[in-house]
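Residue numbers (our numbering), protein chains in the order written: chain A, 17 to 339; chain B, 18 to 485; chain C, 193 to 590; chain D, -17 to 341. The structure appears below as structure tokens.
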Amino acid sequence: MPKLNMVQAINLALHEEMEKDPAVLAMGEDIGVDGGVFRVTEGLLDKFGSERVIDTPLAESGIVGCAIGMAVSGLKPVVEIQFEGFSYMTIDQLAAHASRIRYRSRGMYHCQMVIRSPYGGGVKALEHHSEAVATFFIHIPGLKVVIPSNPYDAKGLLISSIRDPDPVFFFEPKKLYRAFKEEVPEGDYTVPLGTGKKLTQGDDVTVISWGAMVMVCQEAIKKVTNIGVELIDLRTLSPLDEKIIIDSVRKTGRCVIVHEEPRTLGLGAEIIARINEKAFLYLEAPIKRVTGYDVPVPLPKLEDLYLPDPEKVARAIVETASF
Amino acid sequence: MVMGDIVTGCDVLVIGGGPGGYSAAIRASQLGKDVILAERYGLGGACVYRGCIPSKALIHAANFIYDIKNPGDMGIKGSVEFDYKKIQQWKFQVVKKLRDGIEKLCKKYGVQVIKGEAYFESPEKARITAPDGMISKVQFKNAIIATGSRSRDFPELPVDGKLVIDSNGALGLMKVPEDMVIIGGGYIGVELGTMFAKLGTKVNIVQDSSRILSIFDSELVEVVSRQMKKLGIEVYLNAVFSGVHDESNKAVVAISDDKKKETQLKADKILVAVGVEPNIENIGLENTHVELTESGFIKVDGKQQTTDPKIYAVGDVTGPPLMAHKALRQGKVAAEVLSGLPGAFDNRAIPLTVFSDPEIAAVGLDEESARKNGFEIKTGKFPFRALGSAQALDKTEGFVKVVARTNGEILGLHIVGSKASTLIGEASHSIEMAAFLEDLAGTLHPHPTLPEALAEAAEAALGKVIHI
Amino acid sequence: MLDIKFPDVGEGITEGTLVKWLVKVGDEVKADQAVAEIETDKAIVEIPTSKGGKVSKLYGKEGDTIKVGNPLVSLSLPGEETGVTGAEAKPEVKPEVKVIEAPSRVLAAPSTRRLARELGIDISKVTGSGPGGRIIDEDIKKFTKVKTEAAAEVLPQEIMPEKRPDEERIPIKGIRKTIGERMAKSLFTAPHVVSMDEADVSELVSLREKEKQAAQEKGVKLTYLAFIVKAVVVALKQHPYLNASLDPRSNEIVLKHYYNIGIAVDTPEGLMVPVIKNADQKSIMEIARETERLSEEARTRKIKLPDMKGNTFTITNIGSIGGIFSTPIINPPDVAILGVHRIRDMPVIVNGEIKPRKILPLVLSFDHRVLDGAQAARFMNNLIGYLKDPDLFLLDVM
Amino acid sequence: MPRQKILDMSVDWLSILDPEGNVDITLEPALDTETLDKFYRTMVLTRLFDEKAVKLQRQGRMLTYGSCLGQEASQIGSAFAMKPEDWFFPAFREHGVQIARGIPMKLLYIYWMGSEDANMKIPLKNFPVAIPVSTQILHAVGAAWASKLQKQNIASVVYFGDGATSEGDFHEGMNFAGVFKTPTVFICQNNQYAISLPREKQTASKTLAQKALAYGFEGIQVDGNDVLAVYSATKAALEKAKSGGGPTLIECFTYRLGAHTTSDDPSRYRKKDEEEEWRKKDPVKRLRIYLEKKGIWSKNYEEKIIKEASEEIEKAVEEAEAYNPDVSNMFKYVFAEMTSNLKEQMDELSGFMAKKKGG
């Protein structure tokens, strides 16, 4: 079985899914001839031609708006937004239409489409190229939000997203695009949406994270001795896998949530609310959040201080465990 | 709109695609490691491009031509002409096949090859700059430095690629020069001098010390010196380069010997072959904990580990003997050690060869160094002229000499003569297996073949040889 | 910038007093030059610097105690003062420098040398039996066996009596070995004191007789132990120092607000101690069922490691087999252990008259570093009170 | 009355200085030696600044950077037509305009090495770099509109590329400018590529300039490598704007000689001979020939300029690399008054950094 990094895994998923289903097409800026600024859509144009792999003019709202028109007429567009910093222009079409066409037409029409975008910081890039914007989209009812933390899940989740009848925003943590390789099987397999994954077993502290921060947590756990940490990778941010969170917190009674999104109204807040509703009596320490600060992501000279790092997470785990 | 720098993660970053580099990369990949190999020019390194392979190919061609012209008195009359350009094209085909072969091997074993120059930014991270300037960043758990060596420059005669050339330049010449002056009597000077002499060039070798091929036993070198004289090669010992000026269409090199005697030598080409130096500059060593030896090579232990626990080093860059076969073995050792296997470069013997005429090959200690190491020794010598097969092959110059401790443990085997570079393989195996004279003498060698000389030499050392 | 540390001088020395500085700030020192004299409980030792450089800082003054591993002197390495140009200054990284040994000449074939490396043997120490001292594979294999025996020989001769035919030798390994080690460590670190007492458990016995049948129907073997565990837990809540442990690193007594009760179980391999987690939140029935399950798993070696960890207090029931009193050894990291013996009919004077009563001998071994006799006695009185009239502690448990 | 044509519009092309340095004397703007010297010196300085930035990136001393190689004329020509008080709204490639507007190169390097602090000291009326494509167009229209309402005699000049003309903000900005006749000059640097998409795939319109007609004002296509043409067109547009004539769209027809940024590989989407064709139309070379004919340019004049420029750049790089931003800047400039929640997070971070240093 080949070892692939995340770029290769996503590329493989696109190739296989477009092979299997002629309705699936890829559109976005610089995805055809150039193969995508991160080379994620490499080779699609040669294989499927310019009718199904479309280099569009530079207009994010235009791209998503047209994709909605295509989706309701039976096509399954997979749209690339070049950077999450440019996704704000898609919120109008997604929030006002794509997410509620099924609701408005009482099921007569639905919007089967995926919006893919590189996500998050840690690559020393320009402004608007290191942001974490998930909260904007989690808040839109009718839109699913998915983010893989490793190549295996990346392929499985993308295939599930493409086959999901409702619109899905699929964020790809660009810091992990080439960070490591792992076994990624060829051929058909899916990772179901809406399910988190327990990466480590432990009875003392539950650590919840997603995307590029999962690797940060894994590094942090190495720094922490004699504390049994249970690391959960959410994989799908909306709809949230409540069961895996509640079961774990009921067992450990202590929880740390790690995300690079800004702290206020980050998904961490929602998770704490759900825990308070369903596992309050089990809590033995206040839930701690290690997140980005409530400031715009600074340019590279200060970016590393903004982002959660293994040291901050390790300290949070120790403080929560010894509360 | 813009990517930022995406760091590629891997288990092992190998810097340099020569014998040391590609063997380490492939072996590590076979052991399940995710390997990236960064090579500035072409896979195969100096060995394939400007060293072992091209030189041996051209030497073979030159010998072929020379042997036809000088068949000896066997009753064969021969005449030959050759197109040197076509020989060069054939040589390039050989080089290309080997490089493509290595490329296929890397692909087969999943080694990711990146063309570019690597530079350590820290003990865990490196930057690879491709020829077009694009930079890729690599994070590694272990790195293996296999940057090899390059010919040392001779300050008074900077290589300009036209008049003054280095070994790489010499191997690439499209026309056989009429007159050639070679600065340096090491194995490169002797090998290329012999080759060009056989192709018709008037060769003069200038050596600043009292002996050419100084690391070999003087008796061996004696035989080669005699043959070089026959080939019309002039060797100037204790001679130093003192200047060069143009005269009509040729350059004239002035040299002076220890008695201040001046000599003028005509030269179309001046080959500078004064040794090699390790490629340790601008690869960012200062950002790691790798330390160098006094002589400027990378310090490594028997497991090829440098003083930086994450970083290994193999091949020429770790110091003499500068042999491709040492690099190949060290590459595998490094790959095994960092995969947790008990590898170690603990070879008792590293064979050295010179493709002169006749060839020289030696392994282990010679008489002088054996005594200096405090061993009581006994030696045995067997001349090829006393060997049936040598007579039958009409190649009777040279001899085999064995150096052993009084208790029979073989310390060194030294050969000068036809096919010496092939015979040394068995000699190397003997020393590696810690063989005794009885073992070598007791081994049956097919008759009539040249290797018999090894057994005969052993018997000579045991005082029971019958053929002399 | 490089810190020269107080190196580990061996023989388990962990600290020393700084007698004299041999250098001062600003001195230029060469590699291996002595920088300080330190007195350990073995000798006065001169500490060398591993690298040359300029002394930029001395840690501590003469007379201070310095721990092994702490920095002694910090040097600025040659060429560093001039500062490094280029974007980031050289990253300040602690260099773990490895020493490079020269390869040695050894009379052995490559395969033999590799075998030595695989068995982790320094081949240069092996004497070869082949011709002229050449080392062959058997020499390596023999060397490994010899090595262990050689260690054995170190013991003085008279302790090793020669083997007698009528003796059977069983090597100490596996569980036996670990139990031995744990017990030795516990006994020799914690000053054990034992206080003994008796509890009149007649009420408890009749209560158990009454409930035994009902429990049986539910498939639970209702033992006294289950009641005792419950009683102990209730008593522990009032005497937190018995449900604690001593953290040697930070020298703190750690009071535990959770109650995991270890139950000593006799198994073919030897004593094992499964742990009932959060016994305070479990009913007596649950405790009984879990004790039964864990004991069975322990006996059949199927018990999982986590079920043997996390104990805060331990009860040993060895007495049920025999003996009136015993001195149980504390089960680390606890600070106390309760030994429970066989309930026997004993004549007891009850307001002037002799009455036959059910008497349960109890033994408490405790770590005198953490507990005093008085606290232990008060705990025992509470416990005995509960055992005397069970409804007292059952109320508490409802 | 049957069908009849009701609208007939056209777009002009303006070129004054051809690639070989010959000038059309009927259109040649009257510029004194001092101005021409300023044009040439700034264009050379911009090119050297740009090349130095790419070199720094290749040595890992500079982050990802977008080169303006080949667009010196359309940037410096238009910049020098502006007055200091006019508003300047850049996208992210307008290093030449910034240098021409007197922004110290040290600050530009500090920004592109990764710190917003550079913008603290950039003179007013030079809006900070805007990365999201075309968003700055609306800001320029707003600023011009405000100056009109406040009866100030200033205009705003906004720069964007061919890619931006597909974004909604471009069309909305142009429409507002047309409706409210705002004193805005839209400079579209049509450098033929938006990363990998060639201009003909960006829009079906024959020219970008004609898009102004749809919004009721004039558009003109100019030889973007001809500094004189760009200067003249921009000067005329600014005069019209300040005299109430409303907005103008100037399409500078030029070429992005370098890569989109240092992480882009143009060979994937365009041919080498196309780049060679455009190298022949180099804006700096043709101005040199023109100045030589006018007796301004000479060999040592060139050497002097290059020497001075290089020294200035080396000094700027040195100062920029020495700059280390203050961590509190991350929190200080979110609101006018720092909120308690932000104060708390700032203390959390400095506490963490202190503990980390303590080890």
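Yeah, the Cβ is synthetic: ideal placement off N, Cα and C, and Gly gets one too. Nothing here was measured: the structure is a model prediction, and the numbers come from that model.
Under 7 angstroms from the C-beta of Glu138 of chain B: neighbouring residues of chain D: What you label residue 138 of chain B is simply residue 121 of the second sequence in a count that begins at 1. Per Cβ cutoff of 7 angstroms: Gly42.
Cα-Cα, which of C:Glu461, C:Ile521, C:Thr504 is closest to Ala591 of chain C? As displayed, chain C neither begins before 193 nor continues past 590, which places residue 591 of chain C out of reach and without an answer.
Below 8 angstroms CB to CB, which residues in the same chain sit around Leu253 of chain A once its five sequence neighbours on both sides are set aside? In the first sequence, residue 253 of chain A corresponds to position 237, counting from 1. Closer than 8 angstroms at Cβ, skipping near neighbours: Ala150, Ile154, Val161, Val162, Ile163, Trp226, Leu283.
In whole angstroms, what is the alpha-carbon distance linking Ala226 of chain C and Leu214 of chain C? Within the third sequence, the letter at position 34 stands for residue 226 of chain C. Within the third sequence, the letter at position 22 stands for residue 214 of chain C. The alpha-carbon atoms of Ala226 of chain C and Leu214 of chain C are separated by roughly 7 angstroms.
Give me the chain B residues within the contact set of Leu299 of chain C, using Cβ-Cβ distance strictly less than 9 angstroms, ordered along the chain. Taking the first residue of the third sequence as 1, we reach residue 299 of chain C at position 107. Those within 9 angstroms of Leu299 of chain C in chain B are Arg365, Glu426, Ala451.
How would you call Asp196 of chain B, buried or exposed, if buried means at least 16 neighbouring beta carbons within 10 angstroms? Translated into the one-based positions of the second sequence, residue 196 of chain B becomes position 179. Classification of Asp196 of chain B: buried, given that the 10 Å Cβ count is 16 or more.
From Pro283 of chain C to Lys328 of chain A, what distance separates their C-alpha atoms? Locating residue 283 of chain C in the third sequence gives position 91, counting from the first residue. Locating residue 328 of chain A in the first sequence gives position 312, counting from the first residue. Caution is warranted here: a pLDDT of 34 is assigned to Pro283 of chain C, below 50, making its placement in the model unreliable, and the coordinate value is therefore given only provisionally. Rounded to the nearest angstrom, the two C-alpha atoms are 21 angstroms apart.
Less than 8 angstroms between the beta carbons of Val112 of chain B and Ile70 of chain B, yes or no? Stepping through the second sequence from its first residue, residue 112 of chain B is reached at position 95. Stepping through the second sequence from its first residue, residue 70 of chain B is reached at position 53. A contact, by the Cβ cut-off of 8 angstroms.
Local conformation of Tyr205 of chain A per DSSP, three classes: Residue mapping note: residue 205 of chain A aligns to position 189 of the first sequence, counting from 1. Three-state DSSP puts Tyr205 of chain A in coil, outside helix and strand.
How would you call Glu273 of chain C, buried or exposed, if buried means at least 16 neighbouring beta carbons within 10 angstroms? For this step, residue 273 of chain C is matched to residue 81 along the third sequence. Unreliable placement is indicated for Glu273 of chain C, whose pLDDT of 40 sits below 50; the coordinate value is still reported in the next sentence. Exposed, because fewer than 16 other Cβ atoms sit within 10 Å of the Cβ of Glu273 of chain C.
Along the beta strand (DSSP E) that carries Tyr253 of chain B, what are the first and last residues, could you check? By 1-based counting over the second sequence, the position of residue 253 of chain B is 236. Here the beta strand (DSSP E) through Tyr253 of chain B covers 251 to 253.
Chain B contact for Thr117 of chain D (CB, 8 angstroms cutoff): For this step, residue 117 of chain D is matched to residue 135 along the fourth sequence. When Cβ-Cβ separations below 8 angstroms define contact, Thr117 of chain D makes no contact with chain B.
For Leu410 of chain B, which beta-bridge partners are listed by DSSP? Counted from its first residue, the second sequence places residue 410 of chain B at position 393. Looking at the DSSP assignment, Leu410 of chain B forms no beta bridge with any residue, so it has no partner.
Check whether Leu575 of chain C and Ala436 of chain C have beta carbons under 8 angstroms apart: The residue labelled residue 575 of chain C in the question sits at position 383 within the third sequence. The residue labelled residue 436 of chain C in the question sits at position 244 within the third sequence. The answer is no: Cβ separation not under 8 angstroms.
The beta strand (DSSP E) enclosing Pro43 of chain A, as first and last residue numbers: To locate residue 43 of chain A, count along the first sequence from 1; it is residue 27. What sits at residue 43 of chain A in the sequence shown is Met, not Pro. Run containing Met43 of chain A: 40 to 44, per the beta strand (DSSP E) assignment.
Find out if the Cβ-Cβ distance for the pair Val457 of chain C, Ser487 of chain C is shorter than 8 angstroms. On the third sequence, residue 457 of chain C is found 265 positions in, with the first residue counted as 1. On the third sequence, residue 487 of chain C is found 295 positions in, with the first residue counted as 1. Yes, the pair counts as a contact, with Cβ atoms nearer than the cut-off.
Tell me which same chain residues have a C-beta within less than 8 angstroms of the C-beta of Ala361 of chain B, skipping the five on either side of it? Your numbering for residue 361 of chain B matches position 344 in the second sequence. Result list for Ala361 of chain B: Gly319, Lys320, Val350, Val354, in chain order.
If the cut is a Cβ gap below 7 angstroms, which residues of chain B does Phe196 of chain A touch? As a first step, residue 196 of chain A is located in the first sequence; it is residue number 180 there, counting from the start. Going along chain B in sequence order, the residues near Phe196 of chain A (Cβ under 7 angstroms) are Gly26.
Own chain, CB closer than 6 angstroms to Ala330 of chain B, minus 5 neighbours either side, in chain order: Residue 330 of chain B sits at position 313 when you count from the first residue of the second sequence. So the list reads Ile162, Ile315, Val317, Thr323, once near-sequence residues are dropped.
Counting only beta-carbon atoms, is Gly150 of chain B nearer than 8 angstroms to chain A? To locate residue 150 of chain B, count along the second sequence from 1; it is residue 133. No, its Cβ sits nowhere closer than 8 angstroms to a Cβ of chain A.
Is Lys282 of chain C helix, strand or coil by DSSP? If you number the third sequence from 1, residue 282 of chain C lands on position 90. Interpretation of Lys282 of chain C is limited by its pLDDT of 32, a score under 50 that renders its predicted location unreliable; the figure taken from the coordinates is listed afterwards. Lys282 of chain C: coil per DSSP, three-state reduction.
Could you have a look at His484 of chain B and say whether DSSP puts it in helix, strand or coil? If you number the second sequence from 1, residue 484 of chain B lands on position 467. Note: His484 of chain B maps to coil in three-state DSSP.
Since Asp247 of chain D meets chain B, which of its residues come closer than 9 angstroms, beta carbon to beta carbon? In the fourth sequence, the residue the question calls residue 247 of chain D occupies position 265. Within chain B, the residues near Asp247 of chain D are Asp149, Met151.
Can at least three beta-carbon pairs, one atom from the stretch 366 to 381 of chain B and one from the stretch 307 to 321 of chain C, be found at a separation below 8 angstroms? The stretch 366 to 381 of chain B vs the stretch 307 to 321 of chain C: no contact.
Three-state secondary structure (DSSP) of Glu300 of chain A: As a working note, residue 300 of chain A is residue 284 in the first sequence. It is coil, neither helix nor strand.
List the DSSP bridge partners of Trp(-5) of chain D. Position 13 of the fourth sequence, counted from the start, is the residue given in the question as residue -5 of chain D. The partner list for Trp(-5) of chain D (beta bridge, DSSP) reads D:Gln203.
Counting only runs of 4+ residues fully inside the stretch 460 to 514 of chain C, write out the alpha helix (DSSP H) ranges in chain order. 476 to 491
Is Ala135 of chain B close to chain G, meaning its C-beta is less than 8 angstroms from at least one C-beta of that chain? Annotation note: the requested chain G is absent from the structure, which comprises protein chains A, B, C and D.
Once DSSP output is grouped into helix, strand and coil, what is the label at Arg243 of chain B? Your numbering for residue 243 of chain B matches position 226 in the second sequence. Assigned with DSSP and collapsed to three states, Arg243 of chain B falls in helix.
When Cβ atoms are compared, which residues of the stretch 515 to 544 of chain C fall closer than 7 angstroms to chain B? none
Should the stretch 56 to 69 of chain B be regarded as contacting the stretch 82 to 94 of chain B, the criterion being three or more beta carbon pairs within less than 8 angstroms? Touching, no, given that fewer than three Cβ pairs across the two stretches are closer than 8 angstroms.
By Cβ distance, which residues of its chain are closer than 6 angstroms to Lys158 of chain B, with the 5 residues on each side in sequence left out? In the second sequence, the residue the question calls residue 158 of chain B occupies position 141. Closer than 6 angstroms at Cβ, skipping near neighbours: Asp28.
Buried or exposed: where does Ala148 of chain A fall if 16 or more other Cβ atoms within 10 Å of its Cβ makes it buried? The sequence position of residue 148 of chain A within the first sequence is 132, counting from 1. Ala148 of chain A counts as buried, since no fewer than 16 other beta carbons sit within 10 angstroms of its beta carbon.
Pick out whichever of B:Lys277, B:Glu120, B:Ile152 has its Cα sitting closest to the Cα of Glu134 of chain B. Translated into positions along the second sequence, residue 134 of chain B becomes position 117. Per the Cα distances, B:Ile152.
When we look at the beta-carbon of Phe102 of chain A and count the other beta-carbons within 10 Å, is it buried (16 or more) or exposed? Counting from one through the first sequence, the residue named residue 102 of chain A turns up at place 86. Buried, because 16 or more other Cβ atoms sit within 10 Å of the Cβ of Phe102 of chain A.
Grouping DSSP H, G and I as helix and E and B as strand, with all else coil, what is His1 of chain A? Not covered by the structure: residue 1 of chain A. The range shown for chain A is 17 to 339.
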